[in-house]
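K.L.:
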Amino acid sequence: MYSDELPVSIRIRHKVGFRIASLTAKRRCICVQRTAVRDERLPSGHVEVGPWYLVVSTLELKESLTINFGFYLPRYIPQNQSFFALLFPFCWEDFFCFHQSMAGIHYKYLILGGGVAAGYAAREFAKLGVSAGKLAIISKEGVAPYERPALSKAYLFPQGAARLPGFHVCVGSGGERLLPEWYSEKGIDLILSTEIVKAELSEKTLTSAAGATFTYDNLVIATGSSVIRLTDFGVEGADANNILYLREIDDADKLVEVIQSKKNGKAVIVGGGYIGLELGAALKLNDLDVTMVYPEPWCMPRLFTAGIAAFYEGYYANKGIKIVKGTVAVGFNSDAKGDVTAVKLKDGRVLDADIVVVGVGGRPLTTLFKGQVDEEKGGIKTDGFFKTSVPGVYAVGDVATFPLKLYNELRRVEHVDHARKSAEHAVKAIKAAEEGITIEEYDYLPYFYSRAFDLSWQFYGDNVGDTVLFGDSDPSSAKPKFGSYWIKDGKVFGAFLEGGTPEENKAIAKVAKLHPPVADLDQLKNEGLSFATKLE
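Per the numbering used here, the sequence shown starts with residue 853, numbered consecutively.
#1: Is the separation between the beta-carbon of Tyr1296 and that of Lys1273 shorter than 8 Å?
#2: Can you tell me the Cα-Cα spacing of Thr1385 and Lys1038, whole angstroms?
#3: Tell me whether Ala1278 sits in a helix, a strand or coil according to DSSP, three-state version.
#4: What is the rounded straight-line gap between the Cα of Gly897 and the Cα of Ser1308?
#5: Indicate the three-state DSSP secondary structure (helix, strand or coil) for Leu1107 in the structure shown.
#6: Distance cutoff 8 Å, beta carbons only. Does Pro1001 sit that close to anything in chain B?
#7: Once DSSP output is grouped into helix, strand and coil, what is the label at Asn1170?
#8: What does DSSP give as the partner residues of Ala1252 in its beta bridges?
#9: Let me know if Val1202 comes out buried or exposed under the rule of 16 or more other beta-carbons within 10 Å of its beta-carbon.
#10: Just curious, the beta strand (DSSP E) that Trp1338 is in, first and last residue?
#11: With DSSP run on the structure shown, which of helix, strand or coil describes Trp1034?
#12: Per DSSP, what are the beta-bridge partners of His958 in this structure?
#13: Within a Cβ cutoff of 6 Å, which residues of the same chain sit near Ser1382, ignoring the five residues on either side of it in sequence?
#14: Could you give the residue range of the alpha helix (DSSP H) that holds Ile990?
#15: Using only CA atoms, which one of Glu1227, Val1212, Gly1213 lies nearest to Thr1219?
#16: Where does the unbroken alpha helix (DSSP H) through Glu1261 begin, and where does it stop?
#17: Can you tell which of Ser1302, Glu1286, Asp1318, Gly1249 has its C-alpha closest to the C-alpha of Leu980?
#18: Looking at the structure shown, is His1270 part of a helix, part of a strand, or coil, going by DSSP?
#19: Are the segment 1332-1349 and the segment 1314-1324 touching, with three or more C-beta to C-beta distances below 8 Å?
#20: Strictly by DSSP, which residues pair up with Glu1088?
#21: Between which two residues does the beta strand (DSSP E) carrying Ile1043 extend?
#22: Report the rounded CA-to-CA distance for Pro1368 versus Ala1361, giving the unit in angstroms.
#23: Between the Cα of Glu1388 and those of Gly1063, Thr1143, Lys1365, spot the shortest distance and give me the residue it belongs to.
#24: At what residues does the alpha helix (DSSP H) containing Pro1010 begin and finish?
#25: Output the distance between the C-alpha atoms of Arg1015 and Leu1131, rounded to the nearest integer angstrom.
#26: Does Gln1310 come out as helix, strand or coil in the three-state DSSP assignment?
#27: May I ask which residues mark the beginning and end of the alpha helix (DSSP H) holding Gly1132?
#28: From the DSSP output, which residues share a beta bridge with Asn1094?
#29: Just mark Pro930 as buried or exposed, buried being the case when its beta carbon has 16 or more other beta carbons within 10 Å.
#30: Would you call the CB atoms of Leu1096 and Val1209 closer than 8 Å?
#31: Is it right to say Asp1314 is buried, meaning 16 or more other beta carbons lie within 10 angstroms of its own, or is it exposed?
#32: Here's the rule I'm using: 16 or more other beta-carbon atoms within 10 Å means buried, otherwise exposed. How should Ser1054 be labelled?
#33: Around the C-beta of Pro997, are 16 or more other C-beta atoms found within 10 angstroms, so that it is buried, or is it exposed?
#34: Does the separation of the CB atoms of Ala969 and Val1265 fall below 8 Å?
#35: Specify, as a first and last residue, the run of the beta strand (DSSP E) that Ile1207 falls within.
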């Protein structure tokens, strides 16, 4: 029965456990070496424990053996509570199922990715009915799905900062907070700290970096995006310490650590988009001297008009944030310890810096599937139910290029609202297909929002055509409130509002959805917000 090297797959479930780094097996039993890891995101004095999920990729059978692995256990227990080291005193023959080739673990439904979309998809599966052990989430991150937008906002607050478990999905949309134990209660396997390095869609198989394989009947690709790094372009000195990016909670933890170590220091934000504006505000709230650098003529150029941008740039300037436009970072200086000390700009200027945060965009994580699915506009092409060209494979969120029914075109949307809604719709489509019923195609109204300082804006629709700016857009106003409409072919296609009430925001969303006609742009400017609020 035994051989010198016998690959196996082992699945262990138990009501208690702890995070461990190694396992030693001796002919008749398994001995566990406890190395529970302290996690600052947990309540004080706790470590993370819970139901076990373990995959071992290779087993070397000798007099004794050691198998290295890592996994995540999503429950809490006081840090100093002791455990027995000798567990599962079973015979090998009774406990393991050996195979001459690597044994895969099979799921009816598999969600690849552990971000917002994964959490909302899991909730929808649970709502529609899924048997225990039939659904799993595989995530590279070490925590259960959470509301990612918090990382650039409340997570960075100097006082009263958000921390897990406070912003696990689905609190961002007003729903239930799905703590790690929720997944256990629903029979959903969370396979965390696991990177998938190979996808064979024709074989319905995924392979992890540790060599474990997972097979499925239905796959939901929810891999999201990765940040664009300056090191990708060979920017001089871009690998210095304290040049940071923000995408995952580990990134945010590192940023918090550096902020706290550089009190009253100088921070340079590279990029003037979503992340740049939100981080600029967050760092200023932490009493850092902030400078923003971006090459465009104004901030958020993919959405903002010059008039909208002028307000935010003026507001930030009034808060003491310096803005350098029309140039880019071409290099960085660092000290003997490797810590960044300055940012070199293309126009010749040099900015002192203790911290640099880069926010210059992201790339959809589709590399695993290249050549296996149809792609378009940088994403995985889907239909109105998020089905890809491969049977049983769906793509949602940032990676999906889908039919935007409202505008009769294919589009890829990078925003949390779409991640939530596309994930839910894909699950509805999967379950409907199994039951032989039909559902409506995805009908999405593009929606973007942001909050920084005391500001809060929302945008709905499409920013195409002529624009009309209305309201009080003076950055020095005590309570600024203004907006903009986008008009194409004599109809309103998009609407933006800063400082709106919930009812007013609903009104501009309705305008963007219905495309009401506009005869006179001057009259529209004079009517302003009332044009939307009076719409029947």
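Idealized CB from N, CA, C, for every residue including glycine. Nothing here was measured: the structure is a model prediction, and the numbers come from that model.
P.N.:
Taking the coordinates as given:
#1: Yes. Within cutoff.
#2: 43 Å
#3: Reduced to three states, the DSSP call for Ala1278 is helix.
#4: Because the pLDDT of Gly897 is 34, which lies under 50, any placement of that residue in the model is unreliable, and the number read from its coordinates should be weighed accordingly. Going from the Cα of Gly897 to the Cα of Ser1308 covers about 37 Å.
#5: helix
#6: Looking for chain B here will not work: only one protein chain is present.
#7: helix
#8: Ile1232
#9: exposed
#10: 1333-1340
#11: helix
#12: His958 is bridged to Thr1067.
#13: None.
#14: Looking at the DSSP string, Ile990 is not in any alpha helix (DSSP H); the run it does join, the beta strand (DSSP E), is 987-990.
#15: Glu1227
#16: Note, Glu1261: premise wrong, no alpha helix (DSSP H); beta strand (DSSP E) at 1261-1264.
#17: Glu1286
#18: helix
#19: The segment 1332-1349, when compared against the segment 1314-1324, does touch it at the 8 Å Cβ threshold.
#20: Answer is Gly1183, bridged to Glu1088.
#21: Per DSSP, Ile1043 is one residue of the beta strand (DSSP E) stretching across 1040-1043.
#22: 12 Å
#23: Lys1365
#24: Counting along the chain, Pro1010 falls outside any alpha helix (DSSP H), and DSSP gives it neither H nor E.
#25: A direct Cα-Cα distance of roughly 17 Å separates Arg1015 from Leu1131.
#26: strand
#27: 1126-1137
#28: Answer by DSSP bridge pairing: none, since Asn1094 is not bridged.
#29: Note that Pro930 has pLDDT 32, beneath the 50 cutoff, so the model's placement of it is unreliable and no number is given.
#30: yes
#31: buried
#32: Burial state of Ser1054 is exposed, judged by a 10 Å Cβ sphere holding fewer than 16 other Cβ atoms.
#33: buried
#34: no
#35: 1207-1210
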